[in-house]
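Participant:
Protein chains in written order, with the numbering used here: chain E, 45 to 294; chain L, 45 to 294; chain C, 45 to 294; chain X, 45 to 294; chain D, 45 to 294; chain B, 45 to 294.
#1: What residues match up with residue 206 of chain X in a beta bridge as DSSP calls it?
#2: Measure the C-alpha to C-alpha separation of residue 168 of chain E and residue 272 of chain B and round it to an integer number of angstroms.
#3: Among the residues of its own chain, which have a CB less than 7 Å from the CB of residue 282 of chain C, if the five just before and after it don't count?
#4: Fully enclosed by the region 107-165 of chain B, which beta strand (DSSP E) runs are 3 residues long or longer?
#5: Specify the secondary structure class of residue 181 of chain X as computed by DSSP and reduced to three states.
#6: I'd like to know whether the C-beta of residue 286 of chain C is nearer than 7 Å to at least one C-beta of chain X.
#7: Beta carbon of residue 86 of chain L, beta carbon of residue 68 of chain L: below 7 Å?
#8: Span of the beta strand (DSSP E) holding residue 72 of chain B?
#9: Would you decide whether residue 159 of chain X is buried or exposed? Buried here means 16 or more other CB atoms lie within 10 Å of its CB.
#10: Look at residue 138 of chain D and residue 138 of chain B and say whether their C-beta atoms are less than 7 Å apart.
#11: Going by DSSP, name the residue or residues bridged to residue 295 of chain C.
#12: For residue 98 of chain L, which of helix, strand or coil comes out of DSSP?
#13: State the beta-bridge partners of residue 227 of chain B as determined by DSSP.
#14: Are there three or more Cβ pairs, one per stretch, closer than 8 Å when the region 116-133 of chain B is compared with the region 201-220 of chain B?
#15: Let me make sure I understand the geometry here. Which of D:109, D:173 and D:89 has the alpha-carbon closest to that of residue 95 of chain D?
#16: Which residues of chain E have a Cβ atom closer than 7 Å to the Cβ of residue 159 of chain B, listed in chain order?
#17: Report the residues of the region 122-133 of chain B with a CB closer than 7 Å to any CB of chain E, ordered along the chain.
#18: Quick check on DSSP: helix, strand or coil for residue 47 of chain L?
#19: So residue 173 of chain C and residue 237 of chain C are supposed to be a Cβ contact under 8 Å. How far apart are they, rounded?
#20: So, does the region 185-193 of chain E touch the region 253-261 of chain E, judging by three or more C-beta pairs under 8 Å?
#21: Within 8 Å, do at least three Cβ pairs link the region 237-256 of chain C to the region 212-219 of chain C?
#22: Could you name the residues of chain L that residue 137 of chain E contacts, counting a contact when the two beta carbons are closer than 8 Å?
#23: Out of E:164, E:188, E:141 and E:93, which has the shortest C-alpha to C-alpha gap to residue 71 of chain E?
#24: Quick check on residue 232 of chain B: buried or exposed, where buried means 16 or more other Cβ atoms within 10 Å of its Cβ?
#25: Pick helix, strand or coil for residue 63 of chain B, following the three-state DSSP scheme.
#26: Take residue 113 of chain X and list the residues in its own chain whose beta-carbon comes closer than 6 Å to its own, dropping the five residues that flank it on each side.
#27: Mapping the DSSP letters down to three states, classify residue 188 of chain X as helix, strand or coil.
#28: Taking Cβ positions, are residue 150 of chain B and residue 207 of chain B nearer each other than 7 Å?
#29: Using 7 Å as the limit for Cβ to Cβ distance, is residue 267 of chain E near chain B?
#30: Between the Cα of residue 56 of chain B and the Cα atoms of B:78, B:64, B:66 and B:74, which residue gives the shortest distance?
#31: What does the alpha-carbon distance come out to for the pair residue 181 of chain D and residue 51 of chain X?
#32: For residue 73 of chain L, collect the residues of the same chain with a Cβ closer than 6 Å to its Cβ; drop the 5 residues on either side in sequence, then sort them by chain order.
#33: At the level of alpha carbons, what is the spacing between residue 132 of chain C and residue 153 of chain L?
#34: Would you say residue 168 of chain X faces chain D, with C-beta separation under 7 Å as the test?
#35: Determine, for residue 223 of chain E, whether the minimum Cβ-Cβ distance to residues of chain L falls below 7 Å.
#36: Using a beta-carbon distance below 7 Å, is residue 164 of chain B in contact with chain E?
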């Protein structure tokens, strides 16, 4: 069995730190690091809806809210520095759509009312697993933002708005061997790369398994899913510790 | 058990037609229809590489080729007509990246040499399952293009270039019930939407399962994968019939 | 007198095929081929007006409709494949404006009421004469769309909306000799290139005669116009046959 | 017979002024006014070729030059002010392509050698006929630029480079009556609008006749062409007077 | 002490010409030249407000107007010709913001009422000092536009709208020596470049002093400000002469 | 004398924190806060030059390096959240040009050799003074980056590359009274806003004084400059403490 670059076991996550209430103007924010990957996640709430949604809900009785997400790599998140782009490239677009869907799976948009939650995930240091760490962090920022909103705003968002917690982890196959939470060096060599998003109660939200110039068997699929479930369970525990008294799930 | 809008059984694909050598200037092309969905897939081969690849391969001995894909909705593919988007939006970007990865998983880019295969998938009529039909058709266009290239060009692409066949199908859960090959009416109501890409020899290339504002259990996942394997097997058979003597897999 | 690449006589059009009701989601569509040129024309009708028109008609009693057109080359319409662009280039912009004007010349926009007809002309194979074939096909798609609309919609568009038929053909001067319906090989060598749009009743809609790095005399102009009239008359006949019972002109 | 807004006869051009060597950094420039229309035309010469041309001429022995044109409306050219468009819209694109073709028809690009002439036509006041006045002025700027270049540059452009002079005029049909050099008020009401570009020796360069929501007969076409020839002849005379000793045609 | 390229003294402005009512469709316009720099300034007035302002003033009693400015280099203003860009680059953006602020400092936007003054500054020939000449000219165009508006429009803009006159000049340090009104040759070699905008009554509107790859001392700053005041005073005198009876300040 | 919103004296800076080596992939980075304003500054060094510079230096013997800067507001830096702008707007463009010029004034680009320093300033929380805090922080990141580069790279950047330190502060006039380091509430009400950039040895790098819809007298200018010098001196001291042993100026 090959050694991992950072000497972890196959089922070990990288060391994770979560710093809640990182200074921004958003009501919810967290700075997460997992090994060499660092992501700043914020959650903002605004009293408006995207135009397409206003049009869509015009003829309905109840007005549902919306949750959207943006994901960007800071230019200094890579070495050498990467150039800023005029708009999100294909990869960033795909990732921010994934983050948005993952969060929407655990909230009740009708209870949110006519407001929009905007999640921003900015990668400050990229060493693999930025999209899954973004989802894990976005949930923390979301909870903090809703609690803060309820303390400061005349309209209170009913707390069943948050139906479950959500977290994500990457798994993959490298040299024929399944591994969890791949760092960048592992990621570029992996035959199969899979991102798994699950709730705190163990249901699937999203599975994205991809063989880039490779394929995988059914048994490899099952082994990857098994690792993912173990990791998500650990991440849920860390989210709970970080949120402290703000946690109200399971 | 609820009836499907077109009275199919849960495991039935929609009626499929594949018209090979559809008139374009590309060496490979096919017009596919599956129920109310119609896609034109073409495969072109050019004697050049994308700039980023030229830069990347500068210091290597062998020069690998590339395969890329573009996906667009024709404005008249929906009713009412949708605005023409020359630049792919987030959804189209995501889909064309999926098509490209799926095809690259079954070809040997080193054998292609310093040339690029460009797949174009243009949806002429959209009734659900456009991305999976695009993958299934793109493979047919690719095979036709390579055979035609070998007949007309001084340099022959070695046929082991094609390592396996590839096809794709959608599965989903609607009203708690798994179904295959969802049409648009089913798609909008589905709790879970999953696209599965597999090779003709039964290996996974890509799994993308998504609960939009919903989640799914492990047993639901397994039932969807079972349906997908059945469908892919049938699609592989149809690809084989359409390609006739051009088919040389399994 | 020089031989033409495809051995036609100077006044002969290329062989033309018109396949009406080609499968898209538009109420009117036709796939046309003229020799090696293939164009898909669709006509869609929507219950809305472009913003600039709403502003313009705000203070008027009657609300006039609008007809607009888009023209694109499919990437696989040329060999080698041409790249998709983010927006129509100068040539495409010019052509789609010509198609729109040509169709508007034979319709009564006031009778259309507050709705927009959108013509889409997508070139699938380009071998010269794509803009004139687009106009000829767009008229067929338009008639089919209006008839279908009247069958399926509560508001009927009065048929005098269609004032005349319209068709177009290219003529040119090659090696000092006027010719009709130039294929690509002739087009690139032509000293003068002229596109003529005429109605079924023999009136001019548009004349665009261009000497690229060349000029032409008055007698050459007259000879080109004579050829064009012959061709348009033949094209009108073919439109009539394709539309069958839907034809109600002249 | 209806009176024209400015009491001209049907065959009368508007009063024209041409101020050569208008202060810019270009070697050729002229400020033209025709009635209420004012255009600044400049011609610049650079020692380079557009990238597409360099690629195209790579394998040829002789290196041909290029002439290109840009056309813009100054925001203050209309009342009320129009928004500045740095990027040409569809109309401007069409016009600048016309200006470029018209000038290229009377020059010998091979004699120009590996350099580019860039024509800039900026409309300072718009009262109809801006594109034809631009062509007429661009020719003056071009001649001035070439002469100035030959005085100041080590490489002399052989004067047969200029094969003929070129000028342009608009004609149209208003209330059934042909007219020349339409002002804006006439232009908006015209049933047919035709721009004619001719050389000083009376050959056609370009004819663009357009019936916007109207059509025209063959005899109307001939009458418009007759008026155009009269006007072009007068404009050629004015170009000759403006260029003075720089004139060397016919 | 080094000689200046055009043999001026250190405190001498270049020869200035101001041609008021230059032919455009704007109510105010002036063509200014200072040595080899030529700028066309126009002022247009429209009965509308920018969208952001409408939103901002929605809840207020009085409706304030707005003044905005655009600045562009004509492609033929430099030799060799510079390419047109799709939108203003960083330098142009910065300059047009400066022009807008400078003019707004001497007008009373509340007295303007719900209308927008749009200043357009187009550089026709660039030989240093284009931004300061633009400000000096923009003020003349503005006064002419307001007077013309008051003559032709039912609503009169109260003349206290114009609180003071404004003009601008560049100063700099070259080879350790302060100079005024630098031409291009001096500008590229200057260690420090400072633009000073002042009112006719001697108050500062804007100071922008910049050491590009250099720094400057406090005494150098004071000497530059002294030169600037001298120049502004002379420019104010020239504005007064150009505006003649339209001048009503100081 | 009016009280300041945070009860500071007129000459007091807000409380400042500087956290060096903030986790990113850049060799130099610092997180600064001044009262409610938080900025992340990074400095990256790449072994390449911008294309325009390569062209410019082609014919020179020595190859000079370049330093460039980018400035962005994080969407969550304001409340309510502002839209993400991947492409800098006019204000951001102006600011990042200022940051770049300010840093270039204290470095010797020739000693840098053929490499580019890229400064990134991302505002995480905006409460006034973001551009001056960016400059102050960018200098710290720059020093850290150069020292780190020299430890890790075969080519050492000679330390005289850093000619002086640089810092910046805002001053302004509010209700007729000069103040230093304005917070957002003061900034919006200020009659005059001035940003002053100075070196650690007390020389001016840049002065940008602006009266938005207001003007200022010479004595007010001098009082603002006096306050700025006091503030810069304090900021230089803080930079020195933060850099510790890395500091080698004055």
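Just so you know, even glycine gets a beta-carbon here, dropped at the ideal spot from N, CA and C.
Facilitator: To lay it out plainly:
#1: Beta-bridge pairing links residue 206 of chain X to X:151.
#2: 33 Å
#3: So the qualifying residues of the chain are 60 and 62.
#4: Restricted to the region 107-165 of chain B, the beta strand (DSSP E) segments that are unbroken, complete and at least 3 residues in length are 110-117, listed in chain order.
#5: helix
#6: no
#7: yes
#8: It spans 72-78 - the beta strand (DSSP E) in which residue 72 of chain B sits, taken as one unbroken run.
#9: buried
#10: yes
#11: The first residue shown for chain C is 45 and the last is 294, placing residue 295 of chain C beyond what the model contains.
#12: helix
#13: For residue 227 of chain B, which the question treats as bridged, DSSP gives no partner whatsoever.
#14: no
#15: Measuring from the Cα of residue 95 of chain D, the nearest candidate turns out to be D:109.
#16: By Cβ distance, chain E contributes nothing, its closest Cβ being about 11 Å from residue 159 of chain B, past 7 Å.
#17: Those would be 122, 123, 124, 125, 128, 130 and 131, in chain order.
#18: coil
#19: With a Cβ gap of about 10 Å, residue 173 of chain C and residue 237 of chain C do not count as contacting.
#20: Segments in contact, no.
#21: Contact holds: three or more Cβ-Cβ distances are below 8 Å.
#22: Here the neighbours are 134, 137 and 138.
#23: Among E:164, E:188, E:141 and E:93, the Cα nearest to that of residue 71 of chain E belongs to E:188.
#24: exposed
#25: strand
#26: 140, 143, 144 and 163
#27: The answer is helix: DSSP assigns residue 188 of chain X an H, G or I state.
#28: yes
#29: no
#30: Closest option to residue 56 of chain B, Cα to Cα, is B:78.
#31: One C-alpha to the other measures close to 37 Å.
#32: The answer, listed in chain order, is 66, 86 and 185.
#33: 33 Å
#34: yes
#35: no
#36: So yes, residue 164 of chain B belongs to the interface.
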